[in-house]
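Reading through the structure tokens given below for one structure.
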Amino acid sequence: MKIHEYQGKEILRKFGVAVPRGKPAFSVDEAVKVAEELGGPVWVVKAQIHAGGRGKGGGVKVAKSIEQVREYANQILGMQLVTHQTGPEGQKVNRLMIEEGADIKQELYVSLVVDRVSQKIVLMGSSEGGMDIEEVAEKHPELIHKVIVEPSTGLLDAQADDLAAKIGVPAASIPQARAILQGLYKAFWETDASLAEINPLNVSGDGKVIALDAKFNFDSNALFRHPEI
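Okay, so the sequence shown: first residue is 1 according to the working numbering, each after it adds one.
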């Protein structure tokens, strides 16, 4: 089972992962109200569908005024959004997320999955965030780094620090990245997720590390243990 980005970010926030301030909106007027509550000067208007590649499909817009928030919300809400993951039929956008803008300097990728062959939990990271990770894996496999995580110990500080350094997190920001990686692992483990992904994980100009997107997939057989999902 898949959930929307705003729901994934609620999970991340619960486990101490830094995410931008934002709220879902189900109408144009609600989108404007959320933007006014957040305050400016920059907002991101994001389509909420169960597929990646929203930006390339026109489903993510940066607004620099309340008027632009209204304009973009009007454009995106109700559109049939086609991305490389939706197929040619696309998915209808029934909800938005309105979020504060971020200072984007460095976009990274991190995720956790269960490797079906080894039955181990694998933490993956790459310096090539904000892109389709399958494309990166195909063209530049050397840019993807993997760490095996033992459930008995969880993600160790040294493992988190090593992966953060390998994907290009500045030395001064590694403690923040460690906290995010360990929070992501706890979220993955405690919700019985089959995938937990942050793409992109952003490092801002002043060195702050924050999750700009969140994707979770869940094992349907375990959902009875998590009625909140």
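Glycine included, C-beta positions come from ideal geometry on N, C-alpha and C.
**Item:** Chain-order list of residues whose beta-carbon lies under 7 angstroms from that of Ala51 (same chain, five-residue window excluded)
**Value:** These residues qualify, in order along the chain: Thr83, Gln85, Thr86 and Gln91.
**Residue nearest to Asp206 in terms of C-alpha spacing, selected from Gly125, Ala214, Gln106 and Lys139** = Gln106
**Asked** Mind checking whether Gly8 and Phe216 have CB atoms under 8 angstroms apart?
**Response** In contact: Gly8 and Phe216 (Cβ atoms closer than 8 angstroms).
**Message:** Quick check on DSSP: helix, strand or coil for Gly115?
**Reply:** Reading off the sequence, residue 115 comes out as Asp, not Gly. Asp115 carries a strand assignment under DSSP once its states are collapsed to helix, strand and coil.
**Prompt:** Which partner residues does Met79 have in the DSSP bridge list?
**Reply:** None; Met79 has no bridge partner.
**Prompt:** Using DSSP with H/G/I as helix, E/B as strand and the rest coil, what is Phe15?
**Reply:** coil
**Message:** I'd like to check one pair, His145 with Ile167: are the Cβ atoms closer than 8 angstroms?
**Reply:** Yes. Within cutoff.
**Request:** Note down, in chain order, each residue of its chain lying with its Cβ closer than 8 angstroms to the Cβ of Arg178, except the 5 sequence neighbours on either side.
**Result:** Asp157, Ala160, Asp161 and Ala164
**Thr153, buried or exposed, once every other Cβ within 10 Å from all chains shown has been counted against 16** = The residue is exposed, with fewer than 16 neighbouring Cβ atoms inside 10 Å.
**Item:** Exposure label - Val62; buried when at least 16 CB within 10 Å
**Value:** Residue environment: Val62 is assigned as exposed (fewer than 16 neighbouring CB atoms within 10 Å of its CB, all protein chains considered).
**Request:** Report yes if the CB atom of Leu201 is closer than 8 angstroms to the CB atom of Leu112, and no otherwise.
**Result:** no
**Message:** Just to check my reading of the structure: Leu38 and Arg21 have Cβ atoms closer than 8 angstroms, yes? What is that Cβ distance to the nearest angstrom?
**Reply:** 6 angstroms
**Request:** Using alpha carbons as the reference points, say which of Ile121, Tyr109, Asn74 and Ile198 lies closest to Ile98.
**Result:** Asn74
**Request:** Could you tell me which of Leu96, Ala35, Lys186 and Pro41 sits nearest to Lys64, measuring between CA atoms?
**Result:** Checked all of Leu96, Ala35, Lys186 and Pro41; the closest Cα to Lys64 is Pro41.
**Request:** Return the first residue and the last residue of the alpha helix (DSSP H) that Glu135 is part of.
**Result:** Ile133 to Lys139
**Close-in-space but distant-in-sequence residues of the same chain around Ala18 (CB under 7 angstroms, 5 per side omitted)** = Take Ala18, set aside five residues on each side of it, and the residues of its chain with a beta-carbon closer than 7 angstroms to its own are Ile180, Val209, Ile210 and Ala211, in chain order.
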